[in-house]
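Read in order, the letters of the sequence shown correspond to residues 4 to 124 in our numbering. Reading through the structure tokens given below for one structure.
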Amino acid sequence: MNKNKEKDKRIEKDNRIKRKNEQKAFASKVYTELMKVPKGKAITYKALARMAGNPNAARAVGNLMKNNKNPKYIPCYKVVKSNGEVGEYSAKGGKKKKIQLLKKEGIEIKKEKIDERYLIR
């Protein structure tokens with residue numbers, strides 16, 4: 004009985020490690036794809052998830068953007084909602100700063116919504 008419990012614990016630990024590695028790999032892909040978004044363009048969470056290889060992971064992309072520790076280097080402000088709304092921004096300055104950064108790139112925004120011409124879906 005003890006050997007089975009030990010084996011189950013090892014399997015559980017291995018699975019946790021595997022999931023953590025998969026999450027890190029996905030995060031790396033997301034950041035890599037985000038860095039490819041050209042100046043003057045924004046991208047939806049869904050499109051970024053798809054480009055990173057998991058089209059159903061828009062929420063995971065949102066969490067990565069929210070927890071971005073390096074907003075100076077990883078331009079999470081470029082990621083917006085599917086309907087074109089700019090959404091929130093967890094870095095200093097919040098949504099107002101996000102809009103400012105997008106406009107600085109030449110992206111047109113009206114009523115906190117990005118013009119379709121600037122949006123990667």
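In this text, a Cβ means the ideal position worked out from N, Cα and C, and glycines have one as well. All values reported here derive from a predicted model rather than from experimental measurement.
Query: Pairwise C-alpha distance: Arg124 and Val83; Result: 10 angstroms
Query: Spatial neighbours of Ile110 in its chain, beta-carbon cut-off 7 angstroms, leaving aside the 5 residues before and after; Result: Gly43, Ala45, Ile117, Tyr121
Query: Beta bridge counterpart(s) of Val82 as assigned by DSSP; Result: Ile46
Query: DSSP bridge partner residues for Glu88 (one or two, in chain order); Result: Lys116
Query: Asn24 to Asn7 span [Cα, whole Å]; Result: 26 angstroms
Query: Three-way DSSP call (helix, strand, coil) for Ile123 in this model; Result: strand
Query: Buried or exposed by the 16-neighbour rule on C-beta atoms within 10 Å, applied to Pro41; Result: exposed
Query: Cutoff 7 angstroms; reference Ala55; Cβ partners in own chain excluding five residues on either side; Result: Phe29, Lys32, Val33, Glu36
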